[in-house]
Every structure is written in structure tokens, then in C-alpha cells.
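Be aware that the sequence shown starts at 4, since it is given in this note's numbering, and climbs by one per residue.
This report concerns only the one structure given below.
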Amino acid sequence: MMAACGRLWRLAESPGSAKDASPICSGAGRMAAAAAQVLLFASWLLVAGPAAAAAPLAFVTNQGSHTVTVVDVASRRVVRHVGVGKSPAGVAVSAAAGRAYVTNPGDNSLSVIDLASLAEVARLPAGQGSVGVAVAADGRRVFVADWYGGRLRVIDAASLALIGEVPVGTAPAGLALSADGRFVYVAARDDDEVVEVDVAQLRVTARIKVGSHPFAIGVSPDGTSLLALNVLSNDVSLVDLASRREVARLVVGLAPYGVDFDATGHRAFVTNQHGGTVSVISLAERQVVATWAVGEYPEGIAFLPVAGADGGDGAGARLGQVGGGAAGVGPGAGAGLAGMLLVVSWMDDCVHLVDAANGHRLTTLDTGANPRGFGAMIWRRP
4 MMAACGRLWR
14 LAESPGSAKD
24 ASPICSGAGR
34 MAAAAAQVLL
44 FASWLLVAGP
54 AAAAAPLAFV
64 TNQGSHTVTV
74 VDVASRRVVR
84 HVGVGKSPAG
94 VAVSAAAGRA
104 YVTNPGDNSL
114 SVIDLASLAE
124 VARLPAGQGS
134 VGVAVAADGR
144 RVFVADWYGG
154 RLRVIDAASL
164 ALIGEVPVGT
174 APAGLALSAD
184 GRFVYVAARD
194 DDEVVEVDVA
204 QLRVTARIKV
214 GSHPFAIGVS
224 PDGTSLLALN
234 VLSNDVSLVD
244 LASRREVARL
254 VVGLAPYGVD
264 FDATGHRAFV
274 TNQHGGTVSV
284 ISLAERQVVA
294 TWAVGEYPEG
304 IAFLPVAGAD
314 GGDGAGARLG
324 QVGGGAAGVG
334 PGAGAGLAGM
344 LLVVSWMDDC
354 VHLVDAANGH
364 RLTTLDTGAN
374 PRGFGAMIWR
384 RP
């Protein structure tokens, strides 16, 4: 177990170090695997019927098996495994583009998955060891953090041509967009900074000092705040985006890795990779209000509102940037948290669906090997 844990830390710190855990089959084996996936997808459509058209899907990257597992959250079942590039890690689903974009640091590529067919339709160069990926709200531009190149790559979503590159710093990791789409924020891990890039001008407009080794970042639904998850100092930097400065630093668990917000934007959920927990943060109180045990090495996380949680059928709520009991539930942990959390467990090769009000595990679904789900992995179909 110690060797596995050491390998995982290297994966989180150096995306290009991923090793093959399950080689991609070739020839007849690949054809048989593809046929099995078509049958699985068809069976899901037959069972789910018309309701499948509206069910949210989660796209979970599996770094060890070089696939993306597609999970129907409503029916709580896996509907497909999509073959992509080597050692996929980052993911960004765009309803506007009709595609999911997956970074493959093992072969320095970006896979494009068509949301209608749930198949990879393109694969293109994506810098060196890229992990972070994000898509503009209108679906026209894709942003990729070039880890070893120290640049932000900007790609035209229609042609898949490279529009430009912006030097941002050392080991850029997570990405997030401002609420108005004017800026993309980049976690420059080895510089202990969050870098603000003007999308129109493709230039750096601010550098914000945060904790030690920020990896994932997330912008609150109201667009006023940014959270930077600092994997070495085991804390989260709360950044006021109007003043472009850190206004608080909150201690969480060991190696915070993934983040998402509830539908109201009042609470944030942070996975602690080495702690096996999720920290629940009250943004108004600027404090951790609950800590829940969720499984070994949790990485990606997404909040999914229940039907009617936003006053309708839940379609307007924000989805994803991402034992069976709760541990250490704090005061007020359930306020405004109607819904579920999808938590990706790297060491358990699965995803856990967790009650967002109390941390109780609802169900567990198997994925491929070494799932990560780093980024905005949820697609709520119209």
C-alpha cells in the first residue's frame, strides 16, 4: 500500500509519470471491446427510455485504464466506457459545444468526446503533460494548462486549431473561468500563484499569491470568489476577485485536490486526497463546517442538485466544475445542501454518490482503473 500511495502522490504532482495499469487491447480484442460498449449503451437506452434524455451524465477519467467512464447519475449506473488517450486526467464537459474534452498527460494529447454518440471523435496535441482543461461558456474556446510548457493553450473548439499560447508560470494545473467569461484563472502550482489571463487579449493581467502548491481552483457561482486548493500546505485560499487578493486561508485535510459548490453558492466541497475526506466550507463564515469520510484518495468532485432544489426541476442549478456514515458533521452542515455529491475515489477504482446534506454514502459504482475526474465532469442535458 505504501508503494501505491507514493505512486499516487507522484501522479498528482507530476502528471507525465502515469504508468500503464491496463494496456489498450488491439485487433480483435479492441473490436470485441467496442461491440460490448455499444451493447451496454443500447441496453441503458432501452431500460432508461425517454427519461435518459434528461438524466445528468458524469464523465470520469480513468488514468490507469485509458478510458472515460460515463455514469448516468439518476439511474446510478455506468452506461459506457470510452477509449481515449494515454493516462487521462482532466475533463471539461460543454453542453454548448456538445463535447467533452479530456487531457491525456501520458501521450500529451487532448481527446474530444461527442456528447450525442458518447464516442471519441478527435484527438490532438495538447502541450506537455497537460492536466487542467476548461471551456468557455459559449463553447467556442477550449483552454488547456500545459504543465511542462508553463503555458495556457487556447484552442478553437470548432476547428480544433491552436489560437494562441500565454506563458503563465511553472507547472500550471487547474483552470477556472470568471462568471462573465472575461478571464481564465490558472493555478501555477510551483509559483504558489493563481494567474489571471484576459481571454480577449490573451495576456496575463494579475498574479495572486496563495498557499503552497495550488492545484485545483474553482470560482463561486456568484463570481465574487475563487478557491485555490493548496496541496502542500493542506489549506484553501479564499480569493476576492474584485480586489485580486487572498482574504482568508482555511485549513482542510491532507492534500486538497478537487472542489465544487452547492447550487446556492453558499457552501464549497473540497476533497482531501491523502485524508480520505471531504471538507465542507461555508463561504459566508469562512470556515470548515463539516468533514466527512468518503473513501481512499478522493479526487474529482461534483455537486448535483435534486429535482426541485432550485425551485424547478433542478435544471437551473450549477453542476460540476465535480463506511457508510458521516464523520465529524459540523453545525449547520446541511443548510442549503439539497442534492448529491459525486466523489471520485482514485484508490478504490470507483465513484461514490454521497448525500450532500450529511455525508452519508448512497451508493458506489465501479469505474476504470485509477479514476481522477479532475474538472467539470457533469453534463445535464436539455
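C-beta: ideal position from N, C-alpha, C; glycine also.
Only a predicted model underlies this, so the values are computations on that prediction, with no experimental measurement involved.
| query | result |
| --- | --- |
| Under 6 Å Cβ to Cβ from SER112, same chain only, skipping five residues before and after it: list those, please. | GLY88, ARG126, ALA129 |
| Would you report the Cα separation of GLU196 and VAL346, rounded to the nearest angstrom? | 26 Å |
| Kindly list the residues whose CB is nearer than 7 Å to the CB of HIS355, restricted to its own chain and excluding five residues on each side of it in sequence; keep chain order. | VAL297, GLY298, VAL346, SER348, ARG364, THR367 |
| If we count the other Cβ atoms within 10 Å of its Cβ and call it buried at 16 or more, is THR274 buried or exposed? | buried |
| From VAL96, SER90, THR70, pick the residue whose C-alpha is nearest to that of ARG384; which is it? | VAL96 |
| With a threshold of 6 Å on Cβ separation, who are the neighbours of ASP225 within its own chain once the five nearest residues in sequence on each side are excluded? | GLY268 |
| Would a C-beta distance cut-off of 8 Å place VAL189 and MET380 closer than the cut-off? | no |
| Quickly, what does DSSP pair TRP382 with across the bridge? List them, please. | LEU60 |
| Can you tell me which of the three DSSP states ALA252 falls into? | Strictly speaking, residue 252 in this sequence is Arg, with Ala absent from that position. Of the three classes helix, strand and coil, the one that applies to ARG252 here is strand, per DSSP. |
| Starting from the Cα of SER215, find the closest Cα among ASP193, SER223, HIS69, GLY221 and give me that residue. | ASP193 |
| Here's the rule: buried if 16 or more other CB atoms are within 10 angstroms of the residue's CB, otherwise exposed. What is GLY184? | exposed |
| So, are the CB atoms of VAL262 and ALA219 less than 8 Å apart? | yes |
| What is the DSSP secondary structure of ARG192, counted as helix, strand or coil? | helix |
| Could you check how far apart the C-beta atoms of VAL239 and ALA245 are, in whole angstroms? I think they sit under 8 Å. | In fact, because the Cβ distance is near 19 Å, the residues do not count as touching under 8 Å. |
| Taking DSSP's pairing of strands, which residues face ARG80 in a bridge? | ASP75 |
| Identify, in the order they occur along the chain, each residue of the same chain with its Cβ nearer than 6 Å to the Cβ of ALA77, setting aside the five sequence neighbours on each side. | ALA58 |
| Tell me, which residues are paired with ILE158 by DSSP? | VAL145, LEU165 |
| When burial is assigned at 16 or more other CB atoms within 10 Å of the CB, is GLY167 buried or exposed? | exposed |
| Go ahead and label ALA2 buried or exposed: buried means 16 or more other beta carbons lie within 10 angstroms of its beta carbon, across all protein chains shown. | The requested residue 2 does not occur in the structure, where the chain is confined to residues 4 to 385. |
| Please work out which residues of its chain come closer than 7 Å, Cβ to Cβ, to ALA99, disregarding the five sequence neighbours upstream and downstream, and give them in chain order. | ALA140, ASP141, GLY142 |
| Could you tell me which uninterrupted beta strand (DSSP E) segments, each at least 3 residues in length, are contained entirely in the region 268-308, listed from first to last along the chain? | 270-275, 280-285, 290-296, 301-307 |
| Does the Cβ-Cβ distance between LEU235 and LEU253 come in under 8 Å? | no |
| For THR366, which three-state DSSP category applies? | strand |
| Would you mind sorting ARG248 into buried or exposed? The rule is 16 or more other CB atoms within 10 Å of its CB. | exposed |
| How long is the line joining the alpha carbons of PHE146 and VAL169, rounded to whole angstroms? | 11 Å |
| Can you tell me which residues form a DSSP beta bridge with VAL346? | ILE304, HIS355 |
| Give every residue of the same chain whose Cβ lies closer than 6 Å to the Cβ of ALA209, excluding the five residues on either side of it in the sequence, and list them in chain order. | GLU199, ARG247 |
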